[in-house]
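For reference, the structure is listed below as structure tokens.
Laid out in structure tokens, this is it:
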């Protein structure tokens, strides 16, 4: 959710019945502080911050989290053993994002409060094993009794219901909110996403850190190198710095890095968070009713 | 289901409440006839035959299907427009396997009776778009009102329920039955699969025809070539003929082509079809009860 989830999106989600998350991954420390403070002004509901653990100024970020009394932190892209204890000592609730059931036990050992399990179809935090949400959730559920949120491919109320059927206790939704009115992504990026079809994204940069990209010019350059067997250093050099900002925040749809989940193929409108939440719950209830009244009973 | 689904598996599935399919893809025409005749002797329930439409002796196969009065045919790996009319004229029910919602309309136009939509996590028939079951089913459901079966990642009753939540009317289950007692796959292949973990399979041979393979020596050779950017001809030469038979039927676990779905990571036992069906339905009912009594209501 880099370049998408600032205080506007996070507070809107919290105000409309979800748990809004600020995506720290694309923010300088003082920018994050500003977004936390604005979120607190914009909602009196709980909210959280997502911190990718490869963040360069991690100590500064964590101190800001503590100083600003952020109630909930989602950590990702690193070991849950690193900072969970530190956060828990400060009475912060910790959820950790994993992409493989092998990490469920590590989360338990680290004292994590909840797990997000993210499938291959997601826009980011994808595992190298390429395990999809459908396969991952039952496997993680088998391995832990911790509260479990499913992520990857969740863009409709039907998918929310499906996640619960697979054994999740809730879901983490990215792409659908990345393309909301309150998302800080560039309007041209949002517009591009509403026109995507199946197959218009692909998991790329596995040797650097897997992300799902829209197949624009930049992706084609990456893909060409990957097809030719380029190593991580060559790919990192092509990626350079600030590619995601260039694409998702500044709207350079050709040369920017455009991250989004597979579920983007069924996102056809930029809607306000309130409508998205209403639709999700309405679809969820409809799907549940349909399921409970289906003539195809087993 | 090549080398797995002969008359034993197909009749067992039909006898225990499913629709058993004979996998014609790995059979010479007269072998298929024998399996059809044996299936008819072993069950009085409906059954079907799956025909990959790239099959070299397709006309011969189709004539056998008609002569033997096979009630149901699942076609895959080709256009539904090719043979649906011919089959329908002979009062055969036709289901067609797709991996992209764009083909749903083509299925409707061709007069297909039902659609199987197969996700990236499946063991075969995977689309080049890599769309996962979680993303694919809602998209196909949106595009057609035809009866819809979900495939890929369905190995538990929870996943069956999830497929229904996504909008499917039923499911097609491959891997779980490929590793049943009645499957004609080699015992060593079945044993290998029961020990697999997440990440032990990978979608390969996209330039030839995508299949999901266990990461054995043969896969590593394929993968090395693919990482180096080898073209389809080079990969076809490595693949040669009879690789799947060598691996799945003859039990050469190093040099054979070993196809299986991602869901293999949660298949830990070789069970009889009767037990598999009982478990699936019991898990389905449990998941549904849990869903309807969950404290996490929306």
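Residue numbers (the numbering used here), protein chains in the order written: chain A, 1 to 298; chain B, 1001 to 1298.
Glycine is no exception: its CB is placed at the ideal position from the N, C-alpha and C atoms.
### Task
Evaluate residue 1200 of chain B with the Cβ neighbour count: other Cβ atoms within 10 Å of its Cβ, from every protein chain shown; 16 or more gives buried, anything less gives exposed.
buried
Inter-stretch contact (C-beta, 8 angstroms, three-pair minimum) for the stretch 179-193 of chain A and the stretch 1-10 of chain A
yes
| What is the DSSP secondary structure of residue 67 of chain A, counted as helix, strand or coil? | helix
Does any residue of chain B bring its CB to less than 8 angstroms from the CB of residue 116 of chain A?
no
For this session: Check whether the stretch 1113-1127 of chain B touches the stretch 1089-1104 of chain B, counting contact only when three or more Cβ pairs, one atom from each stretch, lie closer than 8 angstroms.
Result: yes
*Give a yes or no on whether the C-beta atoms belonging to residue 1135 of chain B and residue 108 of chain A are separated by under 8 angstroms.*
no
Does the separation of the CB atoms of residue 1061 of chain B and residue 1024 of chain B fall below 8 angstroms? yes
Q) What's the gap between the Cα of residue 1159 of chain B and the Cα of residue 1176 of chain B? A) 12 angstroms
message = For the pair the stretch 1205-1215 of chain B and the stretch 1250-1268 of chain B, tell me if three or more CB-CB distances fall below 8 angstroms.
response = yes
- Does the Cβ-Cβ distance between residue 1081 of chain B and residue 1106 of chain B come in under 8 angstroms? yes
For a test of the three-state rule: what should DSSP assign to residue 18 of chain A, helix, strand or coil? coil
**Item:** Proximity test, Cβ basis, 8 angstroms: residue 1193 of chain B and chain A
**Value:** no
Practice problem: Please compile the residues from chain A whose C-beta is within a distance smaller than 8 angstroms of the C-beta of residue 1142 of chain B. | Solution: 266
For this session: Look up residue 1052 of chain B in the DSSP assignment and say whether it is helix, strand or coil.
Result: strand
Output, in chain order, the set of chain B residues within a Cβ distance shorter than 7 angstroms of residue 262 of chain A.
-> 1131, 1132 and 1135
>> Under DSSP, the alpha helix (DSSP H) around residue 1043 of chain B begins and ends at which residues?
In response: Premise fails: residue 1043 of chain B is in no alpha helix (DSSP H) and is neither H nor E.
### Minimum length 4: unbroken alpha helix (DSSP H) runs contained in the stretch 1217-1245 of chain B
1217-1227 and 1232-1239
If you draw a straight line from the C-alpha of residue 133 of chain A to the C-alpha of residue 1223 of chain B, how long is it? 24 angstroms
query: Around the Cβ of residue 1091 of chain B, are there at least 16 other Cβ atoms within 10 angstroms (buried) or fewer (exposed)?
result: exposed
- Looking at chain A, which residues of the stretch 1207-1227 of chain B have a Cβ within less than 8 angstroms of any of its Cβ atoms? 1227
Report task. Name, please, each residue of chain A whose Cβ falls closer than 7 angstroms to the Cβ of residue 1229 of chain B. Result -> 227, 228 and 229
Quiz prompt | Alpha-carbon to alpha-carbon, residue 248 of chain A and residue 1138 of chain B | solution = 26 angstroms
Contact check, residue 1047 of chain B vs residue 1012 of chain B under 8 angstroms by CB: the rounded distance?
Residue 1047 of chain B to residue 1012 of chain B, Cβ: 10 angstroms. No contact.
Requested in this report: Select from A/269, A/27, A/77 and A/36 the residue whose C-alpha is nearest the C-alpha of residue 208 of chain A.
Outcome: A/77
> What does a CB cutoff of less than 8 angstroms around residue 1146 of chain B pick up in its chain, not counting 5 residues either side in sequence?
Replying inline: 1104, 1107, 1108, 1112, 1113, 1114 and 1115
Go through the stretch 1116-1200 of chain B residue by residue and report every complete run of the beta strand (DSSP E) that reaches 3 residues or more, in order. 1148-1151 and 1170-1172
| query | Which residue or residues does DSSP assign as beta-bridge partners of residue 1276 of chain B? | reply | DSSP output for residue 1276 of chain B lists no bridge partner at all.
Check: When the distance is taken between beta carbons, is residue 1205 of chain B closer than 8 angstroms to residue 1239 of chain B?
Finding: yes
- Task: Consider the Cβ of residue 159 of chain A: report whether some Cβ of chain B lies at a distance smaller than 8 angstroms.
- Result: yes
Review point. Closest Cβ-Cβ distance between residue 149 of chain A and chain B: below 8 angstroms?
Key: no
Neighbouring residues, chain A, relative to residue 1156 of chain B (Cβ below 7 angstroms):
138
Margin query: Do residue 162 of chain A and residue 1166 of chain B count as a contact pair if the criterion is CB distance below 8 angstroms?
Written below: yes
Practice prompt. Please say whether residue 277 of chain A and residue 18 of chain A have beta carbons closer to each other than 8 angstroms?
Written response: yes
| said: Tell me the residue span of the beta strand (DSSP E) that contains residue 1213 of chain B. | reply: 1211-1214
- Query: Which chain B residues sit within Cβ distance under 8 angstroms of residue 202 of chain A?
  - Reply: 1130
Cα separation between residue 1194 of chain B and residue 1216 of chain B?
15 angstroms
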